[in-house]
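Single-structure report; data block below.
Chains as they are written, first to last, in UniProt numbering: chain F, 1 to 397; chain Y, 1 to 341.
Structure follows, in structure tokens:
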């Protein structure tokens, strides 16, 4: 295949670990990262479960060698850590040796600091430094600075499908020869804003989430950052690099049904999966595993299941949602699950869909509930969001 | 590689740019530190039942996109791509204030679900029942240009035949005041009002009757030293095989702050060329540069622009090649090259 887009590095900070290796160990031992929040001061602290990163902000500031008077939001701190790991993992020494871009995704940007200091912004000069760190592009700029990327830098914000779209744009830019390599992914910190937003929608679970289960009762929010380094064939060949896997397909469609809910027919999901398969030029039978969006809300899991049955018919591949490990990490989810999908391919392993016991009556679909070894060549990953945004990525060995 | 034609461009701004024929000659001068857009009668575009819940960003986006589609004679775009620096600020503020004031209790979700950056693109898709590619960029002052790059990439590769592209930001209520109060403490702060607006256009790979201009090139760059900006512009033109002597108008994003030296350096490259500015009249916001895109399209379409926009103007002439340059505080640079059809 011409103009392949290679993945040569990955980095991740999530509720199940602060590196790719730690995430892998948790996945291989089926150890969930969902629990009671330790860092965030919210009224709902004891009644909801979240997927929280173990680091405090202060610990991350120290690790990143930042000055004390910095205005880094938690979103930026998480992003910098994960992006640095990805670049290190890709063994990039001189970032400007090739035309390199950064495409990062976030939903609420610097909201974690904004909501903390909102009522002080008008009067307290000490906290006004966080006014300029509110907008979505701020964390991206800080990640670019920490990586030394000065060229093509942008941010995508399409709710919970954001990072999948960042990976998609990166792959398209490399394919078109506009960039030699690109760091792609997303970052979102837990905030009272999103916790209360999802709570007001009544889709937060009080227990560990149970994706695709008949009795699923909502999602667990999570926070995370994850990035991948994508490089062109030429860069890979010139440097004799080892390739972790390839971004072989991508698709984006809109459900155009409702601002927040997915359609009963799963149109958007169906179309984005169909497009991704077409871009990759792969038959349905080539897909060995689906890392589903699977948030464990009534609405998403039914809609996604129907879309899976529409596209795969009776032969729905092995599938699981890894939200039971990490929680739903919003803008970062597409990148978190991209890292997990690549790990699946490398390990020839389907990770468990935690918490599942009973198939939903509407579809009868059963995900993979125990860690399973299986030769994998192609993995499909779904990410859907508010605004009807549906995106699918395909990763291949 | 296919050519990227501009079939229409419509802009809602603090000036009368959304008038029926899209042309206006008189400018409004503002002295406030923040100004609203000249909002059209939205009930002409949006059913009243929906209008009530919509924030200014959604209203501006839906109205401007409808007119852009209408002018391009297009019913259903093959992609919808928007840029918004701050997203739906009014609903964000609303949900945040309620959350704090009610101590995280008894909240309703409406403001939350409308607070995301992709609300405008989502609402447009919903209104058109458009299931096509749909995405939103939120990277400060290159939010709109990022959307343009995505659109051009798809059109040039022949993945789609047409795209609806837009940039939109709304003023909101209080965050803008916090931004202003911090800005005001700078030694040389932004001298133009903080503002809002929406610009939407239809881009297509088909040349057709009524096409306004061609989007020849668009690039973004995160960091450029002030002394290097001239060389970067020259390199951009060279990459696109355009000689600087061919440029007959340059539209610059001056806002009066300490970083206007970038614009002076660019202006110095083009001693004979028409120079235009706009932020004094439409204000500064993250997608203000989309208004410059609208201005460029107007020039190439032979439409008049208010004389006040011209810093320097030669006698009567026809425009063939227009360069747009914008930056924000020395970061988020964008270069856009527009040519006649």
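Quick reminder that beta carbons are idealized off the backbone N, C-alpha and C, glycines included.
Would you list, in chain order, the members of the segment 117-150 of chain F that have their beta-carbon closer than 9 Å to a beta-carbon of chain Y? Against chain Y - using a Cβ distance shorter than 9 Å - the residues of the segment 117-150 of chain F are 118, 119, 121, 122, 125, 128, 129, 131, 132, 134, 135, 136, 137, 138, 140, 141, 144, 145, 149, 150.
Classification of residue 318 of chain Y by the beta-carbon crowding that lies within 10 angstroms, buried from 16 upward: By the neighbour-count criterion, in which a residue is buried when 16 or more other Cβ atoms sit within 10 angstroms of its Cβ, residue 318 of chain Y is exposed.
Residue 332 of chain Y - partner residues in DSSP beta bridges: In the DSSP output, where bridge partners are listed per residue, residue 332 of chain Y has none listed.
Start-to-end residues for the beta strand (DSSP E) that takes in residue 277 of chain Y: That run of the beta strand (DSSP E) goes 274-277.
Measure how close the beta-carbons of residue 391 of chain F and residue 383 of chain F come, nearest whole angstrom, since I'm counting them as under 8 Å. A Cβ-Cβ separation of about 5 Å places residue 391 of chain F in contact with residue 383 of chain F under the 8 Å criterion.
Taking only beta-carbon positions, decide if residue 150 of chain Y is within less than 8 Å of chain F. So, interface residue.
Can you look up residue 1 of chain F in the DSSP assignment and give me helix, strand or coil? Only weak support is given to the placement of residue 1 of chain F: the predicted model assigns it a pLDDT of 45, under 50, and the value that follows is read from those uncertain coordinates. In the structure shown, residue 1 of chain F sits in coil (DSSP, three-state: anything other than H, G, I, E or B).
Is it buried or exposed, residue 184 of chain Y, if we count other Cβ atoms within 10 angstroms and call 16 or more buried? It is exposed - the Cβ of residue 184 of chain Y has fewer than 16 other Cβ atoms within 10 Å.
Between residue 285 of chain Y and residue 247 of chain F, what straight-line distance do the alpha-carbon atoms span, to the nearest angstrom? Note on geometry: alpha-carbon atoms of residue 285 of chain Y and residue 247 of chain F lie some 36 Å from one another.
If you draw a straight line from the alpha carbon of residue 122 of chain F to that of residue 181 of chain Y, how long is it in whole angstroms? If you draw a straight line from the Cα of residue 122 of chain F to the Cα of residue 181 of chain Y, it comes to about 8 Å.
Confirm, please, whether the CB-CB distance from residue 216 of chain Y to residue 338 of chain Y is below 8 Å. Taking 8 Å as the Cβ cut-off, residue 338 of chain Y and residue 216 of chain Y qualify as a contacting pair.
To which residues of the same chain is residue 121 of chain Y closer than 6 Å at the C-beta, ignoring the five residues directly before and after it? Result list for residue 121 of chain Y: 80, 82, 134, 136, in chain order.
Does the beta carbon of residue 206 of chain F sit closer than 8 Å to a beta carbon anywhere in chain Y? Judged by the 8 Å Cβ criterion, residue 206 of chain F is not in contact with chain Y.
Within 9 Å of chain F by C-beta, residues of the segment 216-237 of chain Y in sequence order: Result list: 219, 220, 221, 222, 223, 224.
Output, in chain order, the set of chain Y residues within a Cβ distance shorter than 8 Å of residue 319 of chain F. Within chain Y, no residue has its CB atom less than 8 Å from the CB of residue 319 of chain F, the nearest being about 23 Å off.
Determine whether the Cβ of residue 115 of chain F lies closer than 8 Å to any Cβ atom of chain Y. Yes, because at least one Cβ of chain Y sits closer than 8 Å to the Cβ of residue 115 of chain F.
What does a CB cutoff of less than 7 Å around residue 44 of chain F pick up in its chain, not counting 5 residues either side in sequence? Sequence-distant Cβ neighbours of residue 44 of chain F in its own chain, meaning closer than 7 Å and more than five residues away, are 195, 199.
Please check the pair residue 349 of chain F and residue 337 of chain F, which I expect to be a contact at CB under 8 Å, by giving their CB distance rounded to whole angstroms. Incorrect: roughly 15 Å between the Cβ atoms, too far for contact.
Please report whether the beta-carbon of residue 310 of chain F lies at a distance below 8 Å from any beta-carbon of chain Y. Closer than 8 Å: no.
Taking its Cβ as the centre, do 16 or more other Cβ atoms sit within 10 Å of residue 39 of chain Y, making it buried, or is it exposed? With a threshold of 16 other beta carbon atoms within 10 Å, residue 39 of chain Y falls short and is exposed.
For residue 313 of chain Y, which residues from the same chain have a beta carbon less than 7 Å from its beta carbon, with the 5 sequence-adjacent residues on both sides left out? For residue 313 of chain Y, where only same-chain residues beyond five positions count, the Cβ hits under 7 Å are 274.
Exposed or buried, residue 248 of chain Y, counting other C-beta atoms within 10 Å across all chains shown (16 or more means buried)? Classification of residue 248 of chain Y: buried, given that the 10 Å Cβ count is 16 or more.
By how many angstroms is the C-alpha of residue 362 of chain F removed from the C-alpha of residue 201 of chain F? For residue 201 of chain F and residue 362 of chain F, the gap between their C-alpha atoms comes out near 23 Å.
For residue 86 of chain Y and residue 74 of chain Y, the rounded distance between their alpha carbons: About 29 Å.
Contact set for residue 328 of chain Y: own chain, Cβ-Cβ below 7 Å, skip 5 residues either direction: Close CB contacts of residue 328 of chain Y within its chain, under the 7 Å cut and outside five residues either way in sequence, are with 140, 141 (chain order).
Counting only Cβ pairs nearer than 8 Å, list the residues of chain F close to residue 178 of chain Y. Against chain F, the beta carbon of residue 178 of chain Y has neighbours under 8 Å at 121, 122, 128, 131, listed in chain order.
Residues that residue 103 of chain Y contacts on chain F, provided the C-beta gap is smaller than 9 Å: Here the neighbours are 43.
Would you call residue 238 of chain F buried or exposed, if buried means 16 or more other Cβ atoms sit within 10 Å of its Cβ? Exposed is the call here.
Decide if residue 103 of chain F is buried, meaning its Cβ has at least 16 other Cβ atoms within 10 Å, or exposed. In the assembly as shown, residue 103 of chain F is a buried residue. Its beta-carbon has 16 or more other beta-carbons within 10 Å.
Residue environment, residue 123 of chain Y, which counts as buried when at least 16 other CB atoms sit within 10 Å: Residue 123 of chain Y counts as buried, since no fewer than 16 other beta carbons sit within 10 angstroms of its beta carbon.
Same chain, Cβ closer than 8 Å to residue 346 of chain F, neighbours up to 5 away in sequence not counted: Here the set comprises 244, 245.
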